[in-house]
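Asker: Structure in structure tokens, see below.
Number of protein chains: 2
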Amino acid sequence: MTQMKASDRTTWREIMAEIVRRITDGPWGPGTLLPGEVEMARTFGCSRTTMNRALRAVADQGYLDRRRKTGTRVRLSPRRLARFEIPMVRDEIEASGAPYRYALVQREVAVAPKWVRARMGVEADARMMHLVCVHHAGDRPFQMEDRWINAGALPLVLEQSFAVVTPNEWLIATVPFSQVEISFLACAADAAAAEHLGHVAGEPVFTVESATWWQDQAITLVSLFYHKGYRMTTRY
Amino acid sequence: MTQMKASDRTTWREIMAEIVRRITDGPWGPGTLLPGEVEMARTFGCSRTTMNRALRAVADQGYLDRRRKTGTRVRLSPRRLARFEIPMVRDEIEASGAPYRYALVQREVAVAPKWVRARMGVEADARMMHLVCVHHAGDRPFQMEDRWINAGALPLVLEQSFAVVTPNEWLIATVPFSQVEISFLACAADAAAAEHLGHVAGEPVFTVESATWWQDQAITLVSLFYHKGYRMTTRY
DNA sequence: CAGTGGTCTAGACCACAAC
DNA sequence: TTGTGGTCTAGACCACTGG
Chain A
443 MTQMKASDRT
453 TWREIMAEIV
463 RRITDGPWGP
473 GTLLPGEVEM
483 ARTFGCSRTT
493 MNRALRAVAD
503 QGYLDRRRKT
513 GTRVRLSPRR
523 LARFEIPMVR
533 DEIEASGAPY
543 RYALVQREVA
553 VAPKWVRARM
563 GVEADARMMH
573 LVCVHHAGDR
583 PFQMEDRWIN
593 AGALPLVLEQ
603 SFAVVTPNEW
613 LIATVPFSQV
623 EISFLACAAD
633 AAAAEHLGHV
643 AGEPVFTVES
653 ATWWQDQAIT
663 LVSLFYHKGY
673 RMTTRY
Chain B
443 MTQMKASDRT
453 TWREIMAEIV
463 RRITDGPWGP
473 GTLLPGEVEM
483 ARTFGCSRTT
493 MNRALRAVAD
503 QGYLDRRRKT
513 GTRVRLSPRR
523 LARFEIPMVR
533 DEIEASGAPY
543 RYALVQREVA
553 VAPKWVRARM
563 GVEADARMMH
573 LVCVHHAGDR
583 PFQMEDRWIN
593 AGALPLVLEQ
603 SFAVVTPNEW
613 LIATVPFSQV
623 EISFLACAAD
633 AAAAEHLGHV
643 AGEPVFTVES
653 ATWWQDQAIT
663 LVSLFYHKGY
673 RMTTRY
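Residue numbers (our numbering), protein chains in the order written: chain A, 443 to 678; chain B, 443 to 678.
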């Protein structure tokens with residue numbers, strides 16, 4: 443059989459779209475057991491490789507459960523997967539058109555409070571760098587950052603002034619990470635948030651708390667407090 | 443050449459891990475231009491197909507920029523991608539071991555307030571179903587849900603009492619969705635949140651706001667207010 | 001125009017899991 | 001034991017994009 447032109451062949455994206463359509467509109471309602479890859483490849487007129495790619499993509503989108511021997515089944519309810527791209531503050535601010543400004547508010551080598559030590563899994567006597575800084579969008583405070591860095595795992599941090607380079611940018615350039623845990627929460631503005639973000643104390647503040655590890659060593663724990671009215675949004 | 447056993451062959455996962463290692467530890471620092479796929483396949487001792495799969499996976503993780511002609515380059519800072527699986531309340535509560543209980547607080551056909559209409563893109567005279575309900579984990583309120591459903595797009599909703607079936611479960615079983623927009627934010631507890639979630643009015647409440655469309659028709663807009671101390675967490 | 005990634009194919013062996 | 005998805009290979013054409 444003559445090779446078809448690539449533009450005429452069925453692509454995995456088209457097949458994926460058709461499968462999704464059949465799941466949402468069509469005959470493949472929730473719970474349906476789909477035909478095997480070999481058979482579907484025949485009916486779609488493509489190779490099994492392509493069929494597999496399309497099915498994997500649909501499964502990645504959360505519509506399908508795939509298991510060997512059992513086959514491919516349409517999930518009863520699609521997984522609701524939200525993908526948030528956590529941007530660097532600088533990028534987020536500059537993307538909005540405002541000039542970015544960084545201000546270091548506090549820098550100390552100190553013993554971390556108990557909840558920080560517990561969360562990072564470090565000893566009570568661990569030397570920690572504690573940083574507080576504010577990221578401005580033009581004249582307005584955008585985000586306040588309260589960060590602890592494990593100086594035991596990263597002695598270099600003690601030599602950094604962080605007067606100009608932000609902790610995040612320095613960390614990204616200096617250490618990789620293998621594990622990240624991110625939480626989103628709402629907390630009440632404390633005195634620092636009131637002072638640096640212009641909140642009234644007790645007001646709700648959208649907060650991101652993020653801890654990172656590298657090879658089982660805690661590197662940093664940071665709380666990011668956002669300005670009033672901030673929302674983190676994604677579409678899909 | 444004799445076929446090797448599959449268990450002896452290099453897998454795309456191993457190659458992916460090695461590439462990530464070289465990016466984080468190794469010689470391939472930020473900004474490095476990687477060799478082409480053909481050459482890398484040679485050095486890794488695999489087919490180009492496998493090499494491509496490994497590189498695509500690394501790129502999906504946010505480490506690489508890939509463009510035709512230009513080649514594959516290590517990103518200056520890795521994209522920070524957080525994937526949140528938004529669970530259904532019932533699953534989330536039952537996973538914690540507590541019994542799930544659902545209570546409908548309010549059900550009315552009404553005109554939506556302006557901000558709701560704006561966000562959903564519906565006319566001022568659109569018939570909307572307004573529902574308020576509370577999801578309990580055992581004795582304790584877990585989440586309050588304030589939902590608007592576009593009865594114009596979904597007349598069936600008018601026949602539903604929602605006394606037993608939750609709006610979310612009914613919607614999932616009834617309509618698919620093509621577009622979802624999710625926001626996370628912190629807002630202050632209002633009277634309803636105080637009453638149903640046990641908050642003090644004005645206290646911070648972690649809130650998820652989600653709007654869904656189906657073929658350019660707004661289906662539903664929902665605000666989910668979580669109990670005190672809730673955090674949405676992910677690891678990777 | 002030419003180089004690089006994007007994708008398709010046909011065939012093969014394998015791992016997992018239900019039986 | 002057997003059926004299903006997971007993956008690898010070798011070869012091919014194509015699409016995008018920088019020069």
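We put the beta carbon where it would ideally sit given N, CA and C, even for glycine.
State the Cα-Cα distance for the pair residue 490(A) and residue 499(A), rounded to the nearest angstrom.
Answerer: Approximately 14 Å, taken between the alpha carbons.
Asker: So residue 609(A) is in the alpha helix (DSSP H); what residue range does that whole segment cover?
Answerer: Residue 609(A) -> alpha helix (DSSP H) spans 609 to 616.
Asker: Is residue 588(B) helix, strand or coil by DSSP?
Answerer: In this structure, residue 588(B) counts as strand in the three-state DSSP scheme.
Asker: Name the DSSP bridge partner or partners of residue 571(A)?
Answerer: BP columns for residue 571(A) point to 551(A) and 591(A).
Asker: When you compare the CB of residue 615(A) with every CB in chain B, is at least one pair closer than 9 Å?
Answerer: So yes, residue 615(A) belongs to the interface.
Asker: For residue 443(A), is the classification buried or exposed, using 16 other Cβ atoms within 10 angstroms of its Cβ as the cut-off for buried?
Answerer: Low local confidence applies: a pLDDT of 38 at residue 443(A) is under 50, so the model's placement there is unreliable, and no value is given.
Asker: Counting only Cβ pairs nearer than 9 Å, list the residues of chain B close to residue 523(A).
Answerer: The answer, in chain order, is 525, 526, 527 and 528.
Asker: Please determine, among 543(B), 594(B), 605(B) and 676(B), the residue with the shortest C-alpha to C-alpha distance to residue 553(B).
Answerer: Of the listed residues, the one whose Cα sits closest to residue 553(B) is 594(B).
Asker: Given that residue 597(B) touches chain A, what residues does it touch there, using C-beta distances under 9 Å?
Answerer: Per Cβ cutoff of 9 Å: no residues; residue 597(B) is ~18 Å from chain A at best.
Asker: Using beta carbons (cut-off 9 Å, strictly below), is residue 520(B) in contact with chain A?
Answerer: For residue 520(B), the answer is yes, since a Cβ of chain A falls inside 9 Å of its Cβ.
Asker: Could you tell me which uninterrupted alpha helix (DSSP H) segments, each at least 4 residues in length, are contained entirely in the region 619 to 654 of chain B, listed from first to last along the chain?
Answerer: With a minimum length of 4 residues, the continuous alpha helix (DSSP H) runs that stay inside the region 619 to 654 of chain B are 633 to 639.
Asker: Residue 604(B) CB to nearest chain A CB: under 9 Å?
Answerer: Chain A contact via Cβ: absent.
Asker: Short of 6 Å in beta carbon distance, which residues of its chain neighbour residue 531(B), apart from the five on each side in sequence? Order them along the chain.
Answerer: The answer, listed in chain order, is 577 and 585.
Asker: For the region 559 to 590 of chain A, enumerate the residues whose C-beta is nearer than 9 Å to any C-beta of chain B, in chain order.
Answerer: Taking 9 Å as the Cβ-Cβ cut-off against chain B, none of the residues of the region 559 to 590 of chain A qualify.
Asker: Report buried or exposed for residue 557(B), applying the criterion of at least 16 other Cβ atoms within 10 angstroms of its Cβ.
Answerer: By the neighbour-count rule (16 or more Cβ atoms within 10 Å), residue 557(B) is not buried but exposed.
Asker: What is the DSSP secondary structure of residue 676(A), reduced to helix, strand or coil?
Answerer: The answer is strand: DSSP assigns residue 676(A) an E or B state.
Asker: By DSSP, does residue 540(A) sit in helix, in strand, or in coil?
Answerer: The answer is coil: DSSP assigns residue 540(A) none of H, G, I, E or B.
Asker: Quick one: which unbroken alpha helix (DSSP H) runs of 4-plus residues sit fully inside the region 469 to 501 of chain B? Chain order, please.
Answerer: Correct list: 479 to 486.
Asker: With three or more beta-carbon pairs closer than 8 Å as the criterion, would you say the region 624 to 636 of chain B touches the region 644 to 652 of chain A?
Answerer: With a cut-off of 8 Å, the region 644 to 652 of chain A and the region 624 to 636 of chain B count as touching, because enough Cβ pairs lie within range.
Asker: By how many angstroms is the C-alpha of residue 567(B) removed from the C-alpha of residue 677(B)?
Answerer: Rounded to the nearest angstrom, the two C-alpha atoms are 44 Å apart.
Asker: Please name the residue or residues paired with residue 712(B) in a DSSP beta bridge.
Answerer: Outside the shown range of chain B (443 to 678) lies residue 712(B), about which nothing can therefore be said.
Asker: Please classify residue 559(B): is it buried, with 16 or more other beta-carbons within 10 angstroms of its beta-carbon, or exposed?
Answerer: That one is buried.
Asker: Using CA atoms only, rank isn't needed, just tell me which of 544(A), 509(A), 521(A) and 598(A) is closest to residue 503(A).
Answerer: Here the closest residue by C-alpha is 521(A).
Asker: Do the CB positions of residue 573(A) and residue 589(A) come within less than 9 Å of each other?
Answerer: Contact flag set, yes.
Asker: Quick one: is residue 598(A) buried, meaning 16 or more other Cβ sit within 10 Å of its Cβ, or exposed?
Answerer: Exposed is the call here.
Asker: Please decide whether residue 446(A) counts as near chain B, where near means a Cβ-Cβ distance under 9 Å.
Answerer: Confidence at residue 446(A) is low in this model, with a pLDDT of 45, below 50, so its placement is unreliable and the value that follows should be read with caution. No, because no Cβ of chain B sits closer than 9 Å to the Cβ of residue 446(A).
Asker: In whole angstroms, what separates the C-alpha of residue 656(A) from that of residue 613(A)?
Answerer: Their Cα atoms are separated by approximately 12 Å.
Asker: From what residue to what residue does the alpha helix (DSSP H) around residue 466(B) run?
Answerer: First-last of the alpha helix (DSSP H) with residue 466(B): 454 to 466.
Asker: What are the partner residues of residue 528(A), as DSSP defines its beta bridges?
Answerer: In the DSSP output, where bridge partners are listed per residue, residue 528(A) has 522(B).
Asker: Under 8 Å Cβ-Cβ, which residues of chain A neighbour residue 648(B)?
Answerer: Per Cβ cutoff of 8 Å: 626, 627 and 628.
Asker: Check whether the Cβ atoms of residue 570(B) and residue 551(B) sit closer than 9 Å, and answer yes or no.
Answerer: Yes, Cβ-Cβ distance for residue 570(B) and residue 551(B) is below 9 Å.
Asker: Per DSSP, what kind of secondary structure is residue 596(B) in: helix, strand or coil?
Answerer: Residue 596(B): coil per DSSP, three-state reduction.
Asker: Given a cut-off of 9 Å on the beta-carbon distance, is the pair residue 660(A) and residue 563(A) in contact?
Answerer: Contact: yes.
Asker: To which residues of the same chain is residue 636(B) closer than 7 Å at the C-beta, ignoring the five residues directly before and after it?
Answerer: Correct list, in chain order: 642 and 643.
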